[in-house]
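Just so you know, the protein sequences line up as chains A and B, in that order.
Residue 1 is where the first sequence starts when you use the working numbering, and the numbers rise one by one after that.
Residue 1001 is where the second sequence starts when you use the working numbering, and the numbers rise one by one after that.
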Amino acid sequence: GAVVSQHPSRVICKSGTSVKIECRSLDFQATTMFWYRQFPKQSLMLMATSNEGSKATYEQGVEKDKFLINHASLTLSTLTVTSAHPEDSSFYICSARGVTGSYGYTFGSGTRLTVV
Amino acid sequence: DAKTTQPPSMDCAEGRAANLPCNHSTISGNEYVYWYRQIHSQGPQYIIHGLKNNETNEMASLIITEDRKSSTLILPHATLRDTAVYYCIVRVSNTGNQFYFGTGTSLTVIP
C-alpha cells in the first residue's frame, strides 16, 4: 500500500533557529501534499496544501514566511519552520495524495518539534 | 465541506462491538463520509469511506442512514489496540480537496 515517510520523527531545536521536516512518498507519486499541525489534546489543523512544482496554498492565519513549504518533486515535500519559537512546538504531520487520486490520503507518522 | 459532530469520548469493553456515531446533517450529494483514526503520537490511519451504501472492510463497517445525515462506524470486536481518536470527515472524493479534521471521538477499549 501507499507509504509516506516523515523525517525526523523528533527534533529539538533552540529558539531562533530553523528546522526542516521532510515528507516522502515511498511507493507512489504524490501530486499534492498537505501539512498539518497538532497541539496537545487538540485535533489536526491544516496548515497548507502544496502541489508539485507550484507555490503552496496556506490556510488563513498561517504565516507563509515562517512555514516555508517546498514540493520540488513528486515524492518529496519539505516544511521549514524558520526562526522557531517555543510556541511553534507541536506535532507536525504530512499527508500525500497520489497521482491516480486514491480514495484516501496517506499520512506520515508525524514529527514532534520541541523548541527550547 | 460539511461539518461533522461526534461525541468527545466513548468506552467499549474489549471483545465487544464499538459503535461510533457521527452526525453530518448538512452533507451534500457528492460528499463522501470518511473515517480515520489516530493512535497517540502517530499519523492518522485510514479506516473506511462511503457515499450512501453501507461498506465493510477488514477493519470496520460503515453504516450510513438513508437520508445520509448520520453514520456509524462499527468495530466488530474491539481490542486494546483500537484505543484511539476516531475522526469522521465528509468531503468530495477524488478531488484535490483537503481533509479538515473535527474534534473526533476518543475511544477507550477497556480490558
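Just so you know, even glycine gets a beta-carbon here, dropped at the ideal spot from N, CA and C.
So, using beta-carbon positions, are residue i and residue j closer together than 8 Å?
| i | j | result |
| --- | --- | --- |
| B:Asn-1019 | B:Thr-1072 | yes |
| B:Ala-1013 | B:His-1077 | no |
| A:Thr-111 | A:Gln-6 | yes |
| B:Gln-1038 | B:Tyr-1100 | no |
| A:Val-115 | A:Ser-15 | yes |
| A:Asp-88 | A:Leu-113 | yes |
| A:Ser-18 | A:Val-81 | yes |
| A:Val-11 | A:Gly-108 | no |
| B:Ser-1070 | B:Pro-1021 | yes |
| B:Ile-1110 | B:Asp-1011 | yes |
| B:Asn-1054 | B:Ile-1048 | no |
| B:Ile-1089 | B:Tyr-1036 | yes |
| A:Phe-28 | A:Ala-56 | no |
Please list the partners that residue i has in chain A, where partner means a Cβ-to-Cβ separation under 8 Å.
| i | result |
| --- | --- |
| B:Ser-1041 | Phe-91, Gly-110, Arg-112 |
| B:Pro-1007 | Under the 8 Å cutoff, chain A gives no residues; its nearest Cβ is about 14 Å from B:Pro-1007. |
Among the options, which residue has its Cα nearest to the Cα of residue i?
| i | options | result |
| --- | --- | --- |
| B:Ser-1041 | B:Tyr-1100, B:Thr-1083, B:Cys-1012 | B:Thr-1083 |
| A:Glu-52 | A:Arg-10, A:Asn-70, A:Gln-42 | A:Asn-70 |
| B:Ser-1106 | B:Lys-1003, B:Ser-1061, B:Arg-1081 | B:Arg-1081 |
| B:Thr-1026 | B:Asn-1053, B:Tyr-1046, B:Thr-1005 | B:Thr-1005 |
| B:Glu-1066 | B:Tyr-1036, B:Thr-1108, B:Ile-1089, B:Lys-1052 | B:Lys-1052 |
| B:Gly-1050 | B:Pro-1044, B:Ile-1063, B:Ile-1074 | B:Ile-1063 |
| A:Lys-41 | B:Pro-1111, B:Ile-1110, B:Val-1109, B:Thr-1103 | B:Thr-1103 |
| A:Ser-73 | A:Val-11, A:Ala-2, A:Ala-30 | A:Ala-30 |
| A:Lys-64 | A:Leu-26, A:Tyr-105, A:Trp-35, A:Ser-95 | A:Trp-35 |
| B:Val-1092 | B:Tyr-1036, B:Ser-1028, B:Pro-1008, B:Met-1059 | B:Ser-1028 |
| A:Arg-97 | A:Phe-91, A:Thr-32, A:Leu-26 | A:Thr-32 |
| A:Ser-95 | B:Val-1090, B:Arg-1068, B:Pro-1044 | B:Pro-1044 |
By the criterion of Cβ-Cβ separation under 8 Å, what are the contact partners of residue i in chain B?
| i | result |
| --- | --- |
| A:Phe-28 | By Cβ distance, chain B contributes nothing, its closest Cβ being about 14 Å from A:Phe-28, past 8 Å. |
| A:Phe-34 | Gln-1098, Phe-1099 |
I want to verify the contact list: residues of chain B whose CB lies under 7 Å from the CB of residue i, in sequence order.
| i | result |
| --- | --- |
| A:Tyr-105 | Phe-1099 |
| A:Ser-43 | Phe-1101, Gly-1102, Thr-1103, Gly-1104 |
| A:Leu-46 | Gln-1098, Tyr-1100 |
| A:Thr-49 | Gln-1098 |
Cβ closer than 7 Å: which chain A residues qualify as neighbours of residue i?
| i | result |
| --- | --- |
| B:Pro-1111 | The premise fails here: B:Pro-1111 is roughly 24 Å from chain A at the closest Cβ pair, so nothing lies under 7 Å. |
| B:Pro-1021 | Going along chain A, no residue has its Cβ under 7 Å from B:Pro-1021, so there is no contact; the nearest lies around 18 Å. |
Show which residues of chain A have a CB atom less than 9 Å away from the CB atom of residue i.
| i | result |
| --- | --- |
| B:Pro-1076 | The premise fails here: B:Pro-1076 is roughly 21 Å from chain A at the closest Cβ pair, so nothing lies under 9 Å. |
Do the segment 39-56 of chain A and the segment 1026-1033 of chain B touch if we need at least three Cβ pairs shorter than 8 Å? no
Sufficient close CB pairs (3 or more, under 8 Å) joining the segment 62-80 of chain A to the segment 13-25 of chain A: yes
Counting only runs of 3+ residues fully inside the segment 1036-1101 of chain B, write out the beta strand (DSSP E) ranges in chain order. 1045-1050, 1061-1064, 1070-1075, 1084-1092
Can you list the alpha helix (DSSP H) stretches of 4 or more residues lying completely in the segment 32-59 of chain A, in chain order? none
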